[in-house]
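Visitor: Attaching a single structure in structure tokens format; questions to follow.
Chains as they are written, first to last, in full-length UniProt numbering: chain X, 1 to 224; chain Y, 1 to 224.
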């Protein structure tokens, strides 16, 4: 069952799982895309559906009771593998591979295909919001100030085309347990969407994130 | 290739496609969930991966060049089947089945499982934004004022748990080509996220949406 869980995974075990689940989830992403775009005949659709039902039953023979959660090993290496934006094992996630700088600046390049469509041939405005929420949160986290989104505002400057895109985000300012982050999505012609968000690490999340209760593991900037 | 396309689909043909692609996409959604949660052994993961690669190749033997787009039949029945939130053929979409009132009020009940996770056992803040962007846009459209999101602001009142949820949205006010919509997501205990958005139908989208150029088909409130 989900939770911020610490386990004993070694770097070698993590590398093994990345090599196993990464390509596996990637083909599920391909299937999501093909499901939208296929024009094969009805009999083939029905045949594939039956095969998929069998595959799902086999995968469910042994499975987690609930969502994946966020796991950490003893060295603090996090595995948010069920996350809707960056999750290695989540076929909904593009997934974003985000470069993080300790200054609280993050960036990534990514490709959005048919599954991320809103208006014809354009990225769904809510998908841009989904990606920017993650990016701004990652900026806060990269700067040592992880938090939950309190408010998020998106400014849609122009339509974002499906295809190759990039995004970046950074910490704009901080005040006590509050962190304001800004970010944007760009296509080849420049900025399409800008975002600003306020992130706060509430006590309950702080206790979940730092379950030892060891104050030394709580970022000093969040101490009450 | 995508676009606002009008076609000659009859109600019977649409009903047939709903019956074919609805259950097909539903099993792909199940697969996305099982991909995150499965604990079967490595050999089974590799075997399933190979089977899925074969299935994807078969589905891609005949497929659209690009995204699905948004299609309409002669009576104006819309099929946004590739849409990331409501798309019948999009396994990323929960999908939301939204009840629309002509007053511009919309509501829906839905279930979010493991694929929509951000913090452990909680809905990803960006997923709430994705859903609310669609809901507010649907409210504008239901009230006869379809538009593109110009700005969207989310207020996260408390964490949203994965599971059974409901959402509603409505038109708050209008001014020329601008429509302001508000909405919220609720769990059993009440509101978790609130949103307000500004929607505008730009000229290029108006021309895409009403390609005949017949002014009579353009909502009067959008005439320049």
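Every residue, glycine too, gets a C-beta built ideally from N, C-alpha and C.
1) If we ignore side chains and look at the alpha-carbon of each, how far apart do residue 25 of chain X and residue 119 of chain X end up?
2) Within 10 Å of its beta-carbon, does residue 61 of chain X have 16 or more other beta-carbons around it, so buried, or fewer, so exposed?
3) What does residue 23 of chain Y reach in chain X if we use C-beta pairs closer than 8 Å?
4) Give the residues from the stretch 102-119 of chain Y that approach chain X closer than 9 Å (Cβ to any Cβ), ordered along the chain.
5) Do residue 56 of chain X and residue 59 of chain Y have their CB atoms nearer than 8 Å?
6) Name the chain X residues that come within less than 7 Å of residue 4 of chain Y, Cβ to Cβ?
7) I'd like to know whether the C-beta atoms of residue 162 of chain X and residue 116 of chain X end up nearer to each other than 8 Å.
8) Rounded to the nearest angstrom, what separates residue 154 of chain Y and residue 67 of chain Y at their Cα positions?
9) Taking the CB atoms as reference points, tell me whether residue 37 of chain Y and residue 35 of chain X lie closer together than 8 Å.
10) Can you tell me which of Y/150, Y/189 and Y/86 puts its alpha carbon nearest to the alpha carbon of residue 200 of chain Y?
11) Listed from N- to C-terminal order along the chain, which residues in the UniProt domain "Thioesterase" (123-192) of chain Y have their beta-carbon within a distance smaller than 8 Å of any beta-carbon of chain A?
12) Provide the residue(s) that pair with residue 7 of chain Y in DSSP beta bridges, ordered along the chain.
13) Could you list which residues in chain X have their beta carbon closer than 8 Å to that of residue 18 of chain Y, in chain order?
14) From Y/148, Y/123, Y/140 and Y/78, pick the residue whose C-alpha is nearest to that of residue 148 of chain X; which is it?
15) Rank X/180, X/194, X/182 and X/183 by C-alpha distance to the C-alpha of residue 159 of chain X and give the top, closest one.
16) Under 8 Å between the Cβ atoms of residue 109 of chain Y and residue 166 of chain Y?
17) Please determine, among Y/19, Y/131 and Y/40, the residue with the shortest C-alpha to C-alpha distance to residue 42 of chain X.
18) Since residue 133 of chain X and residue 152 of chain X are thought to touch, with beta carbons under 8 Å apart, how far apart are those beta carbons, to the nearest angstrom?
19) Counting contacts by CB-CB distance shorter than 8 Å, is residue 96 of chain Y in contact with chain X?
20) When DSSP builds the beta bridges, which residues end up paired with residue 151 of chain X?
21) Taking the alpha carbon of residue 85 of chain X as the point to measure from, which residue in X/50, X/130 and X/112 has its own alpha carbon closest?
22) In this structure, does DSSP put residue 230 of chain X in helix, strand or coil?
23) For the beta strand (DSSP E) containing residue 112 of chain X, name the first residue and the last one.
24) Which term fits residue 78 of chain X, buried or exposed, when burial requires 16 or more other beta carbons within 10 angstroms of its beta carbon?
25) How about residue 35 of chain X: is its C-beta nearer than 8 Å to some C-beta of chain Y?
26) Rounded to the nearest angstrom, how far is the Cβ of residue 168 of chain Y from that of residue 106 of chain Y, given a contact under 8 Å?
27) Would you tell me roughly how many angstroms separate the C-alpha atoms of residue 186 of chain Y and residue 114 of chain Y, rounded to the nearest one?
28) Measuring straight from C-alpha to C-alpha, what distance separates residue 146 of chain Y and residue 54 of chain X?
29) Check whether the Cβ of residue 31 of chain X lies closer than 8 Å to any Cβ atom in chain Y.
30) Can you pull the chain Y residues whose beta carbon is under 9 Å from the beta carbon of residue 14 of chain X, in chain order?
31) Quick one, which of Y/8, Y/111 and Y/157 has its alpha-carbon nearest residue 191 of chain Y's?
32) Run through the stretch 11-88 of chain X for me and flag every whole alpha helix (DSSP H) of 4 or more residues, listed as ranges in chain order.
33) Using C-beta distances below 6 Å, list every residue in its chain close to residue 184 of chain X, excluding the 5 sequence neighbours before and after it, in chain order.
34) In the DSSP output, what is residue 124 of chain Y paired with across the bridge?
35) Where do the N-terminal and C-terminal ends of the beta strand (DSSP E) with residue 185 of chain Y fall, by residue?
36) Would residue 11 of chain Y count as contacting chain X if we go by Cβ distances under 8 Å?
Guide: Reading off the structure:
1) Along the first chain, read from residue 1 onward, the residue named residue 25 of chain X stands at position 25. Along the first chain, read from residue 1 onward, the residue named residue 119 of chain X stands at position 119. Roughly 27 Å between the two C-alpha positions.
2) Counted from its first residue, the first chain places residue 61 of chain X at position 61. Counting the other CB atoms within 10 Å of its CB gives residue 61 of chain X a total below 16, which places it among the exposed residues.
3) Position 23 of the second chain, counting from 1, holds the residue named residue 23 of chain Y. Here the neighbours are 49.
4) Within the stretch 102-119 of chain Y, those residues whose Cβ lies closer than 9 Å to any Cβ of chain X are, in chain order, 113, 114, 115, 116, 117, 118 and 119.
5) Within the first chain, the letter at position 56 stands for residue 56 of chain X. Within the second chain, the letter at position 59 stands for residue 59 of chain Y. At the C-beta level, residue 56 of chain X and residue 59 of chain Y stay beyond 8 Å of one another.
6) Residue numbering aside, residue 4 of chain Y sits at position 4 when the second chain is read from its first letter. What residue 4 of chain Y touches in chain X: 120.
7) Locating residue 162 of chain X in the first chain gives position 162, where the first residue counts as 1. Locating residue 116 of chain X in the first chain gives position 116, where the first residue counts as 1. Yes, these two residues count as a Cβ contact at 8 Å.
8) As a first step, residue 154 of chain Y must be located in the second chain, where it is residue number 154. As a first step, residue 67 of chain Y must be located in the second chain, where it is residue number 67. C-alpha separation (whole angstroms): 28 Å.
9) Here residue 37 of chain Y refers to the residue found at position 37 when the second chain is read from its first residue. Here residue 35 of chain X refers to the residue found at position 35 when the first chain is read from its first residue. Contact annotation: residue 37 of chain Y and residue 35 of chain X have beta-carbon atoms that are not nearer than 8 Å.
10) Position 200 of the second chain holds residue 200 of chain Y. Selected option, being the one with the closest Cα: Y/150.
11) Absent from the structure: chain A. Protein chains present are X and Y.
12) Position 7 of the second chain holds residue 7 of chain Y. Y/73, per the DSSP bridge assignment.
13) Here the question's residue 18 of chain Y lines up with position 18 in the second chain. Residues of chain X passing the Cβ test: none, with the nearest at roughly 13 Å.
14) Working through the first chain from its first residue, we reach residue 148 of chain X at position 148. The option with the nearest alpha carbon to residue 148 of chain X is Y/123.
15) Position 159 of the first chain, counted from the start, is the residue given in the question as residue 159 of chain X. The option with the nearest alpha carbon to residue 159 of chain X is X/194.
16) Sequence index remark: in the second chain, residue 109 of chain Y carries index 109 (1-based). Sequence index remark: in the second chain, residue 166 of chain Y carries index 166 (1-based). Yes, the pair counts as a contact, with Cβ atoms nearer than the cut-off.
17) Reading the first chain from its first residue, position 42 is the one you call residue 42 of chain X. Among Y/19, Y/131 and Y/40, the Cα nearest to that of residue 42 of chain X is on Y/19.
18) For the purposes of this step, residue 133 of chain X is taken as the residue at position 133 of the first chain. For the purposes of this step, residue 152 of chain X is taken as the residue at position 152 of the first chain. Contact holds; Cβ gap of about 6 Å.
19) Here residue 96 of chain Y is taken as the residue at index 96 of the second chain, counted from 1. No, residue 96 of chain Y does not count as interfacial toward chain X.
20) Position 151 of the first chain holds residue 151 of chain X. Its beta-bridge partners are X/198 and Y/155.
21) The count along the first chain starts at 1 and reaches residue 85 of chain X at position 85. Selected option, being the one with the closest Cα: X/130.
22) As shown, chain X starts at 1 and ends at 224. That puts residue 230 of chain X outside it, with no answer to give.
23) Within the first chain, residue 112 of chain X is the residue found at index 112, counting from 1. It spans 105-112 - the beta strand (DSSP E) in which residue 112 of chain X sits, taken as one unbroken run.
24) The residue given as residue 78 of chain X occupies position 78 in the first chain. When all chains shown are included, residue 78 of chain X counts as exposed.
25) In the first chain, the residue the question calls residue 35 of chain X occupies position 35. By this cut-off, residue 35 of chain X is an interface position.
26) Start at 1 with the first residue of the second chain, and residue 168 of chain Y comes out as number 168. Start at 1 with the first residue of the second chain, and residue 106 of chain Y comes out as number 106. Yes, residue 168 of chain Y and residue 106 of chain Y are in contact; Cβ-Cβ is about 7 Å, under 8 Å.
27) Indexing the second chain from 1 puts residue 186 of chain Y at position 186. Indexing the second chain from 1 puts residue 114 of chain Y at position 114. Answer to the nearest angstrom: the Cα atoms are 18 Å apart.
28) The residue labelled residue 146 of chain Y in the question sits at position 146 within the second chain. The residue labelled residue 54 of chain X in the question sits at position 54 within the first chain. About 41 Å.
29) Reading the first chain from its first residue, position 31 is the one you call residue 31 of chain X. Answer yes: the Cβ-Cβ gap between residue 31 of chain X and chain Y drops below 8 Å somewhere.
30) Counting from one through the first chain, the residue named residue 14 of chain X turns up at place 14. None at all; the shortest Cβ gap to chain Y is about 14 Å.
31) By one-based count along the second chain, residue 191 of chain Y stands at place 191. When only C-alpha atoms are compared, the closest one is Y/157.
32) 11-37 and 42-59
33) For the purposes of this step, residue 184 of chain X is taken as the residue at position 184 of the first chain. The answer, listed in chain order, is 191 and 194.
34) Taking the first residue of the second chain as position 1, residue 124 of chain Y is located at position 124. None; residue 124 of chain Y has no bridge partner.
35) The residue given as residue 185 of chain Y occupies position 185 in the second chain. Counting along the chain, the beta strand (DSSP E) containing residue 185 of chain Y begins and ends at 178-187.
36) Looking up residue 11 of chain Y in the second chain gives position 11. So, not an interface residue.
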